[in-house]
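J.: Below is the structure I would like to discuss, written out as structure tokens.
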Amino acid sequence: MPVPARRLPSWAWVTGLTAVALVLVAMLAVRAEDGPQPTASASKKPSPSASAKPPTSPDDAKPVAVPNGSGTGRRIVYSLAQKRVWLVDASDAARRTFAVWPGTVSPAPGTYTVGTRRETTTGSDGVKIENIVFFAISSGVNIAFSNALDGSSPPPPVSGTQTGGVRMKAADGDAVWKFGTAGTTVAVVK
6 MPVPARRLPS
16 WAWVTGLTAV
26 ALVLVAMLAV
36 RAEDGPQPTA
46 SASKKPSPSA
56 SAKPPTSPDD
66 AKPVAVPNGS
76 GTGRRIVYSL
86 AQKRVWLVDA
96 SDAARRTFAV
106 WPGTVSPAPG
116 TYTVGTRRET
126 TTGSDGVKIE
136 NIVFFAISSG
146 VNIAFSNALD
156 GSSPPPPVSG
166 TQTGGVRMKA
176 ADGDAVWKFG
186 TAGTTVAVVK
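At position 87 of the sequence shown the residue is numbered 92 (this note's numbering), and the sequence of numbers has no breaks.
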């Protein structure tokens with residue numbers, strides 16, 4: 006008489022499937038970290054206007070309040086309309102604010118989290134950049150804060166190029182790098 010096949014207990018199946026899922030997630034995380042960062046045509050060189058100052062507003066001469074609706078607690082606040090960033094401490098006080106040069110692709114308003122960080126690389130405009138703090142993806146483009154190593158502003162993008170870098174002056178880039186550790190909240194407002 007044949008011996009009936011033994012069945013694996015359900016806990017063994019669940020454990021095996023969980024282990025496989027964890028391995029796949031780890032592999033995808035490694036691929037994402039090593040994958041494409043904001044890049045585009047490197048053929049464009051910085052133009053003479055590359056040393057221009059970041060966009061300014063009439064409020065640059067006086068302190069600019071953190072936008073309403075940007076959340077509470079320690080966070081980075083990025084205003085799309087004002088082209089400005091605030092570094093806000095746990096007591097909701099703005100410790101630093103500055104104007105930025107946004108890329109051609111912007112994240113939707115909402116709450117994001119700092120993920121990958123990279124010390125240096127070449128930006129989508131071919132300029133060497135540093136203090137890269139990634140926090141969102143929009144239309145398949147990585148969105149990150151950064152500054153040019155040479156202190157220049159980004160040149161106008163090549164027509165049709167999608168760029169996700171939110172550039173700032175070097176001192177501001179250093180401040181974001183120190184403040185925006187992995188897991189830091191980034192609130193994007195209109």
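All residues carry an ideal CB built from backbone N, CA and C; glycine is no exception.
Identify every run of the beta strand (DSSP E) within the stretch 105-146, keeping only runs that are complete inside it and at least 3 residues long; order them along the chain.
T.: With a minimum length of 3 residues, the continuous beta strand (DSSP E) runs that stay inside the stretch 105-146 are 115-118, 122-127 and 133-143.
J.: Our contact map puts V90 next to Y83 with C-beta atoms below 8 Å; I'd like the distance itself, whole angstroms only.
T.: In the sequence shown, counting from the first residue as 1, residue 90 sits at position 85. In the sequence shown, counting from the first residue as 1, residue 83 sits at position 78. Going by Cβ atoms, the distance from V90 to Y83 rounds to 5 Å, so yes, they are a contact pair.
J.: Relative to the C-alpha of V171, which residue among F150, I142 and E135 is closest?
T.: In the sequence shown, counting from the first residue as 1, residue 171 sits at position 166. If we check each option's Cα against that of V171, F150 comes out closest.
J.: For T126, which of P107, A153, V69 and G76 has the nearest alpha-carbon?
T.: Stepping through the sequence shown from its first residue, residue 126 is reached at position 121. Of the listed residues, the one whose Cα sits closest to T126 is A153.
J.: Once DSSP output is grouped into helix, strand and coil, what is the label at V93?
T.: Taking the first residue of the sequence shown as position 1, residue 93 is located at position 88. Note: V93 maps to strand in three-state DSSP.
J.: Quick check on the DSSP output: the alpha helix (DSSP H) that includes V181 runs from which residue to which?
T.: In the sequence shown, counting from the first residue as 1, residue 181 sits at position 176. Note, V181: alpha helix (DSSP H), A175 to F184.
J.: Assign R100 to one of two classes, buried (16 or more other C-beta atoms within 10 Å of its C-beta) or exposed (fewer than that).
T.: As a first step, residue 100 must be located in the sequence shown, where it is residue number 95. So R100 ends up on the exposed side.
J.: S132 and S157: beta carbons closer than 9 Å?
T.: Looking up residue 132 in the sequence shown gives position 127. Looking up residue 157 in the sequence shown gives position 152. The sequence given here places Val at residue 132; Ser does not occur at that position. Taking 9 Å as the Cβ cut-off, V132 and S157 qualify as a contacting pair.
J.: Looking only at C-alpha atoms, which of G74, F103, S164 and P114 sits nearest to K174?
T.: Here residue 174 refers to the residue found at position 169 of the sequence shown. When only C-alpha atoms are compared, the closest one is F103.
J.: Would you give the residue range spanned by the beta strand (DSSP E) that V4 belongs to?
T.: For the chain, the structure presents residues 6 to 195; residue 4 sits outside this window and is missing.
J.: With a Cβ-Cβ cutoff of 9 Å, do R80 and A192 count as a contact?
T.: Along the sequence shown, read from residue 1 onward, the residue named residue 80 stands at position 75. Along the sequence shown, read from residue 1 onward, the residue named residue 192 stands at position 187. For R80 and A192, yes; Cβs fall inside 9 Å.
J.: Rounded to whole angstroms, what's the CA-CA distance from Q167 to P14? Just pull it up for me.
T.: Counting from 1 along the sequence shown, the entry for residue 167 is found at position 162. Counting from 1 along the sequence shown, the entry for residue 14 is found at position 9. Taking the straight line joining both Cα atoms gives about 52 Å.
J.: From N136 to R12, what distance separates their C-alpha atoms?
T.: Looking up residue 136 in the sequence shown gives position 131. Looking up residue 12 in the sequence shown gives position 7. Taking the straight line from one Cα to the other gives about 54 Å.
J.: Start and end of the beta strand (DSSP E) containing V191?
T.: Residue mapping note: residue 191 aligns to position 186 of the sequence shown, counting from 1. It spans T190 to V194 - the beta strand (DSSP E) in which V191 sits, taken as one unbroken run.
J.: Could you check how far apart the C-beta atoms of G78 and A95 are, in whole angstroms? I think they sit under 8 Å.
T.: Here the question's residue 78 lines up with position 73 in the sequence shown. Here the question's residue 95 lines up with position 90 in the sequence shown. Indeed, because the Cβ distance is near 6 Å, the residues count as touching under 8 Å.
J.: With distances taken between CB atoms, is the gap from V194 to G169 smaller than 9 Å?
T.: Walking along the sequence shown from the start, residue 194 turns up at place 189. Walking along the sequence shown from the start, residue 169 turns up at place 164. No; because the gap between Cβ atoms is not below 9 Å, this pair is not in contact.
J.: Would D177 be called buried (16 or more neighbouring beta carbons within 10 Å of its own) or exposed?
T.: Reading the sequence shown from its first residue, position 172 is the one you call residue 177. Classification for D177: buried.
J.: Once DSSP output is grouped into helix, strand and coil, what is the label at R80?
T.: The sequence position of residue 80 within the sequence shown is 75, counting from 1. DSSP places R80 in strand when its eight states are reduced to three.
J.: Check whether the Cβ atoms of T189 and V119 sit closer than 9 Å, and answer yes or no.
T.: Against the sequence shown, residue 189 aligns to sequence position 184. Against the sequence shown, residue 119 aligns to sequence position 114. Cβ distance < 9 Å, so T189 and V119 count as in contact.
J.: What number of angstroms, rounded off, separates the C-alpha of G5 from the C-alpha of G108?
T.: Outside the shown range of the chain (6 to 195) lies residue 5, about which nothing can therefore be said.
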